[in-house]
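J.: This structure is in structure tokens; I'll ask about it shortly.
Protein chains: 4
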Amino acid sequence: MITVLKQGTTQAQMEHLIAWLRAQNLDVHISHGHDYTILGLIGDTGKIDMDLLASLDIVESVKRVTEPFKQCNRQFHPDDTVITVGNAKIGGGNFCMIAGPCSVETEEQIIEVAEKVKAAGADILRGGAFKPRTSPYDFQGLKGEGIRLLLEAKKATGLPIVTEIMNANYLDLFADVDIIQVGARNMQNFDLLKELGKTDKPILLKRGLANTLKEFLMSAEYIMSEGNQNIILCERGIRTFDTYSRNTLDLTAVPALHEMSHLPVVIDPSHATGKVRYVPPMALAAVAAGADGVMVEVHNDPMHAWCDGAQSLNPEQFADLAQKMRVVREAVTQ
Amino acid sequence: MITVLKQGTTQAQMEHLIAWLRAQNLDVHISHGHDYTILGLIGDTGKIDMDLLASLDIVESVKRVTEPFKQCNRQFHPDDTVITVGNAKIGGGNFCMIAGPCSVETEEQIIEVAEKVKAAGADILRGGAFKPRTSPYDFQGLKGEGIRLLLEAKKATGLPIVTEIMNANYLDLFADVDIIQVGARNMQNFDLLKELGKTDKPILLKRGLANTLKEFLMSAEYIMSEGNQNIILCERGIRTFDTYSRNTLDLTAVPALHEMSHLPVVIDPSHATGKVRYVPPMALAAVAAGADGVMVEVHNDPMHAWCDGAQSLNPEQFADLAQKMRVVREAVTQ
Amino acid sequence: MITVLKQGTTQAQMEHLIAWLRAQNLDVHISHGHDYTILGLIGDTGKIDMDLLASLDIVESVKRVTEPFKQCNRQFHPDDTVITVGNAKIGGGNFCMIAGPCSVETEEQIIEVAEKVKAAGADILRGGAFKPRTSPYDFQGLKGEGIRLLLEAKKATGLPIVTEIMNANYLDLFADVDIIQVGARNMQNFDLLKELGKTDKPILLKRGLANTLKEFLMSAEYIMSEGNQNIILCERGIRTFDTYSRNTLDLTAVPALHEMSHLPVVIDPSHATGKVRYVPPMALAAVAAGADGVMVEVHNDPMHAWCDGAQSLNPEQFADLAQKMRVVREAVTQ
Amino acid sequence: MITVLKQGTTQAQMEHLIAWLRAQNLDVHISHGHDYTILGLIGDTGKIDMDLLASLDIVESVKRVTEPFKQCNRQFHPDDTVITVGNAKIGGGNFCMIAGPCSVETEEQIIEVAEKVKAAGADILRGGAFKPRTSPYDFQGLKGEGIRLLLEAKKATGLPIVTEIMNANYLDLFADVDIIQVGARNMQNFDLLKELGKTDKPILLKRGLANTLKEFLMSAEYIMSEGNQNIILCERGIRTFDTYSRNTLDLTAVPALHEMSHLPVVIDPSHATGKVRYVPPMALAAVAAGADGVMVEVHNDPMHAWCDGAQSLNPEQFADLAQKMRVVREAVTQ
């Protein structure tokens, strides 16, 4: 950590600060410039309150040199993490298609969708059982029954399944789920993250609507700090001033997350855009940007979907998109 | 709900849509203009998926006429909600000062701060026991012990206390807490909101960093829909492109929330700005804007605070600010 | 335009409003619902102040049904606009690569870059002569001399050139320039747009950092309303809360602008990301999303570039990227 | 400027970089830590491209220690700038009320408004002659005739006037105008700023919708670098994700700009909020936050205003607000 002292700082003030820093078990390396003095702080600076330091009268600015995330940091783990569920692999040069309805509705629906997306080449089935809804009066999902139906679809097709958890108290219901999803609104529900860190299930962690990539990685770090290293990062759009699409899909996050972390990165163009007609071009763009996977909403009857029908492809549209994704993937990796 | 049909919609297409809408138990009122046809949908439109409707080929746009929040809506409850804890009243023309440290650290610390902010005129004591931190390696609060110390400070001074909950599993620990705070990161932790809705404790609900006022009110509605009507709304800064202050304090939310809802509105300038020197002017601005209360961080020794020292006033600074807040409050309400 | 009246509006109030609207030469079509009354306004509603209408006591909300942009609106001009400069075509199924240095520096530099990007397949040469810089103390470009050097490079290679204008007073200097660029900061410099509307030069209009797509199209409309129909829209990143890349490249703008307008859409990943290593993946993503062209900064010696070296590819990197862009383009259009 | 080198940088790489930096006329001060090496760059670092430096393979990060704005920087000019026009003073402990219609419409209108706001205590008359409008089809102002009418109102009341310029070619028309306004959309129209820097007129510079405070001060610096030191900074709302008010009024900018700069700071709550009912509370909040002035739209007949009627107070509302502003100002400065 680097601390720049203001011009006019007296020797006594500087010594007082250095004594305080050393009392925090830090080495302090002093470097005098013409106009300013720099203190290099060496040791476990993770415990220092940067904001407090920056607020002192004699301090011009403070800058962290090393990132506070360790376990998800590529600097310390250069090799890609690869996550394996059933026959699907995510990360490390593998490309993965996740598809399925926003909400699980009936056994017929989920099995039909599962069969069709499998036929089109999907590797994993998605489906919502617990649904976070902005309004308490909206449909909240089939909950435990929804998970049971997903497991039926898994049995029928062999596809591994991913579904969202909203409360660690329901973890028992997820015993046979292959990948547990944490939604964007829970990205900083730290108690939930810690509980998931104590399991060995792969976690698909969605980026919050207004969270920086560093905060995103810190949330992955919460899970990893409890022991679970199997995390898939999912970008699903951020909130900006424009409203023509539901959120703004931030595809530059793909190369940036790959640079900062060894964890795989998946893109969800359905929630990001909120409109069927923007899903195929943005899914293809995600593939071209180097994403390790794409997660797409597919419904056998979007007009009657119980939620988010507006952003669901029908199975024919998905089959067409899946074919194009394979071609683009090949083009960028050859 | 109003649905505008595109030019070129055929009679058959329109009739098909109207049949579908009527099957959702809605009355449909048709109005033909020169260039477009408007469908007025009457009935329980809360169950209609606006996004789905908007995505149909023949639909130009969809607009909700009535807000989906009911219980917190001033339209249906014109009178201000007033929340009473101990001798303090929040809302309905009362002005309330909430003060205390970011984190509870020791019995001496919290009692000293409590006595000093009480002497300066504070009505309620705040202090963090469970701390949501971006990093898993940062201090996470004294938890149950922190609440015990807050209760000691309450006994010593008579001040009611407010402290944050992060997980409904710990609700038992909050039995003697006067107001339970929900932090910005948990504003859309819907399972937590529902559990709090089953209690009768006043809830201080903080606005999420990137949540609209309507989403904020929908989260209040989550709590109210379970029976608990005692909610205090707290604006604490939103995330924008500028970084000179930690967040951007959105003071226009004060008149806007008062217009939309009967719930009281409190401002937290400490977390919004993140810098001691911006807290007094923004606290005074909050009072002038008509806030029902201001929540300020005060620490007896900010240089040694375990977290967020940079944004804490010392007791003398708070006493000076409290005096000025009273004068401004008088100026704007006389 | 649709105006929804509040519950409780009296007949007299409604008639007063309708009289005022009719005085603005509008037909008013009244539709009574159970809970609200809708006024459909028919005629030249472009002259009505929506904000004023919305602010009236009896008005619940106002909604525009037709967009205020006409000439750039695909609804009225279904066919793609194709812009031809030299041998290059932009729009209408053609794909175009624009490349060159941020700033023109010397004759040797610009000719060397021009030859190399041409060899790699670029269709148009870019280069800055007038440079908008945040600081008055930064290099402001070679101005007229820079344009002269670009014209030398055009003569040497046959590539058409695009360069930025900052002030209509200098239009004479652009007489032999093929495409005039309007920078993001000048997107709403309406006097400049109107002057460019009086020329017949193709205009490459960059989206402002915080402008919606509708505002972007209204700025195109400013140029078109004066007679010039030759406009290329360029997305170059918007400003959001995250700072890991210079701006957030909004690729969903590609399908959205194609839907709303017949004008071609070009992506500038260099300014959007600000970092060389993010340029290739985002350029490929732009192609996959369906962009009509990509504009990339290329410099023969990025370490010594006078400005924006950090985001410039060297000619070898560009040649490699150009090859990949062609393959992806083929993959998505086959 | 501080440059942190990555772990693993070789001695040869470091020496190569240092040689390059010295060739830019900088002194380089080297400081070796355990995990990283810091280079302190001393000299005229304003000419160094931070982004380029940061993009080098061996560079971890770069940080500027001194701000690039000099003339508007309070560090170098501790005393408040005070601007005097007629009997009005802005800055240095003086409080100033600026009021008037969005657009000048007729001689009767502007004189009536001027007389009424003067009677209520306004110090300066505002009124738009050149109007920047998002749509080319909207009313663009009376232009030169508008300025003539403002001068009539000045003659009738003695109030100094402020009005917006959009194009330096019209500077002659502003010869008798007291303060020239630069609108938010032109905040980075650098050619316009430079031309205004060559005059000696006070400039009221509005912050752009998505510009940081540092960019805002750099735009002031553009004017000052040409010789004109008479600048008033005006915050008028920034663009965020929420839409309940037109923009988000960023009042923390008041203490922050006062800290960074000696220039006076004025708040425009009318354009920021876009709604009459939010103007009085936000005007009072601005006063409480320490603003040097408030600029408010007032119209004698808001229902018939040619533009922005929704945000205009009528003269009686303004008189009431002016009285309250005086009381709050007294409360916070006593």
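Same order as they appear, the protein sequences are chains Y, B, E and G.
Here the first sequence is numbered in our numbering, starting from 1 and rising by one per residue.
Here the second sequence is numbered in our numbering, starting from 335 and rising by one per residue.
Here the third sequence is numbered in our numbering, starting from 669 and rising by one per residue.
Here the fourth sequence is numbered in our numbering, starting from 1003 and rising by one per residue.
Where is the CB? At the ideal position from N, CA and C, for every residue including glycine.
Quick caveat: nothing in here was measured; it's all calculated off a predicted structure.
(1) Give the straight-line distance between the Cα atoms of Asn-94 of chain Y and Leu-551 of chain B, rounded to the nearest whole angstrom.
(2) Is it buried or exposed for Asn-857 of chain E, if we count other Cβ within 10 angstroms and need 16 for buried?
(3) Return the chain-ordered list of same chain residues with a C-beta closer than 8 Å to the C-beta of Ile-203 of chain Y, the five sequence neighbours on each side being excluded.
(4) Considering only the beta carbon of each residue, do Val-600 of chain B and Met-629 of chain B sit closer than 7 Å?
(5) Helix, strand or coil for Lys-116 of chain Y? Go by DSSP, reduced to three states.
(6) Can you tell me where the alpha helix (DSSP H) holding Leu-539 of chain B begins and where it ends?
(7) Alpha carbon to alpha carbon, how far is Gly-426 of chain B from Asp-413 of chain B? Give it in angstroms, no decimals.
(8) Given this structure, state the Cα-to-Cα distance separating Thr-920 of chain E from Arg-875 of chain E, to the nearest angstrom.
(9) Excluding five sequence neighbours on each side, which residues of the same chain lie with their C-beta closer than 7 Å to the C-beta of Gln-681 of chain E?
(10) Thinking Ile-417 of chain B and Pro-598 of chain B are a contact (beta carbons under 8 Å), I'd like their distance in whole angstroms, please.
(11) Pairs of beta-carbons, one from the stretch 475-494 of chain B and one from the stretch 436-451 of chain B, closer than 8 Å: are there three or more?
(12) For Arg-573 of chain B, go through chain E and note every residue whose CB falls closer than 7 Å to its CB, in chain order.
(13) For a minimum of 4 consecutive residues, which ranges assigned as the alpha helix (DSSP H) are wholly contained in the stretch 694-749 of chain E?
(14) Using DSSP's beta-bridge definition, name the partner residues of Met-1297 of chain G.
(15) Answer yes if the stretch 644-657 of chain B comes into contact with the stretch 599-613 of chain B, meaning at least three C-beta pairs across the two stretches below 8 Å, and no otherwise.
(16) Less than 7 Å separating the beta-carbons of Arg-794 of chain E and Gly-768 of chain E?
(17) Name the chain B residues whose beta carbon is nearer than 9 Å to that of Ser-913 of chain E?
(18) CA-CA distance, Val-1006 of chain G and Val-613 of chain B?
(19) Comparing alpha-carbon positions, which option in G:Leu-1215, G:Gly-1160, G:Ala-1158 and G:Ile-1163 lies nearest Ala-1186 of chain G?
(20) As a quick exercise: from B:Ile-499, B:Asp-457 and B:Gly-455, pick the residue whose alpha carbon is nearest that of Leu-476 of chain B.
(21) Are there 16 or more other CB atoms within 10 angstroms of the CB of Gly-274 of chain Y, so buried, or fewer, so exposed?
(22) Please list the partners that Gly-958 of chain E has in chain Y, where partner means a Cβ-to-Cβ separation under 7 Å.
(23) Just curious, the beta strand (DSSP E) that Arg-460 of chain B is in, first and last residue?
(24) Start and end of the alpha helix (DSSP H) containing Ala-1288 of chain G?
(25) Taking just the CA atoms, how far does Leu-1019 of chain G sit from Arg-246 of chain Y?
(26) Buried or exposed, going by whether 16 or more other CB atoms sit within 10 Å of the CB of Arg-1241 of chain G?
(27) Taking the C-alpha atoms as reference points, what is the distance between Val-830 of chain E and Phe-737 of chain E?
(28) Can you pull the chain B residues whose beta carbon is under 7 Å from the beta carbon of Val-1256 of chain G, in chain order?
(29) When the cut-off is 7 Å and only beta carbons count, does Asp-584 of chain B lie next to chain G?
(30) What residue ranges within the stretch 809-852 of chain E form continuous beta strand (DSSP E) runs of no fewer than 3 residues, ordered along the chain?
(31) Give the residues of chain Y in contact with Arg-945 of chain E, contact being defined as C-beta atoms less than 8 Å apart.
(32) Please determine, among G:Gln-1009, G:Leu-1028, G:Gln-1013 and G:Trp-1022, the residue with the shortest C-alpha to C-alpha distance to Met-1003 of chain G.
(33) What residue range does the beta strand (DSSP E) around Val-753 of chain E cover?
(34) Does the beta-carbon of Gly-1130 of chain G have 16 or more other beta-carbons within 10 angstroms, so that it is buried, or is it exposed?
(35) Is the separation between the beta-carbon of Asp-191 of chain Y and that of Asn-501 of chain B shorter than 7 Å?
(36) According to DSSP, simplified to helix, strand and coil, what is Lys-1091 of chain G?
T.: Let's see:
(1) Position 94 of the first sequence, counted from the first residue, corresponds to residue 94 of chain Y. Position 217 of the second sequence, counted from the first residue, corresponds to residue 551 of chain B. Distance from the CA atom of Asn-94 of chain Y to the CA atom of Leu-551 of chain B, rounded to whole angstroms, is 43 Å.
(2) Walking along the third sequence from the start, residue 857 of chain E turns up at place 189. Asn-857 of chain E should be labelled buried.
(3) What you label residue 203 of chain Y is simply residue 203 of the first sequence in a count that begins at 1. Correct list, in chain order: Ile-179, Ile-180, Gln-181, Val-182, Leu-196, Ile-223, Asn-228, Asn-230, Ile-231 and Ile-232.
(4) As a first step, residue 600 of chain B must be located in the second sequence, where it is residue number 266. As a first step, residue 629 of chain B must be located in the second sequence, where it is residue number 295. Annotated as proximal: Val-600 of chain B and Met-629 of chain B, with beta-carbon spacing under 7 Å.
(5) To locate residue 116 of chain Y, count along the first sequence from 1; it is residue 116. DSSP places Lys-116 of chain Y in helix when its eight states are reduced to three.
(6) Start at 1 with the first residue of the second sequence, and residue 539 of chain B comes out as number 205. It is not in any alpha helix (DSSP H) - Leu-539 of chain B instead sits in the beta strand (DSSP E) that spans 537-540.
(7) Your numbering for residue 413 of chain B matches position 79 in the second sequence. Your numbering for residue 426 of chain B matches position 92 in the second sequence. Distance between the alpha carbons of Asp-413 of chain B and Gly-426 of chain B is about 8 Å.
(8) Translated into the one-based positions of the third sequence, residue 920 of chain E becomes position 252. Translated into the one-based positions of the third sequence, residue 875 of chain E becomes position 207. One C-alpha to the other measures close to 14 Å.
(9) Reading the third sequence from its first residue, position 13 is the one you call residue 681 of chain E. Answer for Gln-681 of chain E: Ile-726, listed in chain order.
(10) Within the second sequence, numbered from 1, the residue matching residue 417 of chain B stands at position 83. Within the second sequence, numbered from 1, the residue matching residue 598 of chain B stands at position 264. Yes, Ile-417 of chain B and Pro-598 of chain B are in contact; Cβ-Cβ is about 6 Å, under 8 Å.
(11) In short, these stretches touch, since the Cβ pair count reaches three.
(12) As a position in the second sequence, residue 573 of chain B is number 239, starting the count at 1. Phe-909, listed in chain order.
(13) 718-723
(14) By 1-based counting over the fourth sequence, the position of residue 1297 of chain G is 295. BP columns for Met-1297 of chain G point to G:Ile-1100.
(15) yes
(16) Along the third sequence, one-based indexing puts residue 794 of chain E at 126. Along the third sequence, one-based indexing puts residue 768 of chain E at 100. Going by C-beta atoms, Arg-794 of chain E is nearer than 7 Å to Gly-768 of chain E.
(17) Along the third sequence, one-based indexing puts residue 913 of chain E at 245. The premise fails here: Ser-913 of chain E is roughly 13 Å from chain B at the closest Cβ pair, so nothing lies under 9 Å.
(18) Numbered from its first residue, the fourth sequence carries residue 1006 of chain G at position 4. Numbered from its first residue, the second sequence carries residue 613 of chain B at position 279. One C-alpha to the other measures close to 33 Å.
(19) For this step, residue 1186 of chain G is matched to residue 184 along the fourth sequence. If we check each option's Cα against that of Ala-1186 of chain G, G:Leu-1215 comes out closest.
(20) Here residue 476 of chain B corresponds to residue number 142 of the second sequence, with the count starting at 1. The candidate whose alpha carbon is nearest that of Leu-476 of chain B is B:Ile-499.
(21) Residue 274 of chain Y sits at position 274 when you count from the first residue of the first sequence. Its Cβ being crowded by 16 or more others within 10 Å, Gly-274 of chain Y is buried.
(22) As a position in the third sequence, residue 958 of chain E is number 290, starting the count at 1. Within 7 Å Cβ-Cβ: Pro-281.
(23) One-based indexing of the second sequence puts residue 460 of chain B at position 126. That run of the beta strand (DSSP E) goes 458-460.
(24) Here residue 1288 of chain G refers to the residue found at position 286 of the fourth sequence. Per DSSP, Ala-1288 of chain G belongs to the alpha helix (DSSP H) from 1281-1291.
(25) The count along the first sequence starts at 1 and reaches residue 246 of chain Y at position 246. The count along the fourth sequence starts at 1 and reaches residue 1019 of chain G at position 17. Each residue's alpha carbon lies about 45 Å from the other.
(26) What you label residue 1241 of chain G is simply residue 239 of the fourth sequence in a count that begins at 1. Label assigned to Arg-1241 of chain G: buried.
(27) Numbered from 1 along the third sequence, position 162 holds the residue referred to as residue 830 of chain E. Numbered from 1 along the third sequence, position 69 holds the residue referred to as residue 737 of chain E. Between Val-830 of chain E and Phe-737 of chain E, the C-alpha separation is close to 26 Å.
(28) Translated into positions along the fourth sequence, residue 1256 of chain G becomes position 254. Under the 7 Å cutoff, chain B gives Pro-615.
(29) Residue 584 of chain B sits at position 250 when you count from the first residue of the second sequence. For Asp-584 of chain B, the answer is yes, since a Cβ of chain G falls inside 7 Å of its Cβ.
(30) 829-833 and 847-850
(31) Taking the first residue of the third sequence as 1, we reach residue 945 of chain E at position 277. Per Cβ cutoff of 8 Å: Pro-255 and Glu-259.
(32) The residue given as residue 1003 of chain G occupies position 1 in the fourth sequence. The option with the nearest alpha carbon to Met-1003 of chain G is G:Leu-1028.
(33) Walking along the third sequence from the start, residue 753 of chain E turns up at place 85. Its beta strand (DSSP E) spans residues 751-753.
(34) For the purposes of this step, residue 1130 of chain G is taken as the residue at position 128 of the fourth sequence. Buried: at least 16 other Cβ atoms inside 10 Å.
(35) In the first sequence, the residue the question calls residue 191 of chain Y occupies position 191. In the second sequence, the residue the question calls residue 501 of chain B occupies position 167. Against a cut-off of 7 Å, the Cβ pair of Asn-501 of chain B and Asp-191 of chain Y comes out as a contact.
(36) One-based indexing of the fourth sequence puts residue 1091 of chain G at position 89. Correct three-state label for Lys-1091 of chain G: strand.
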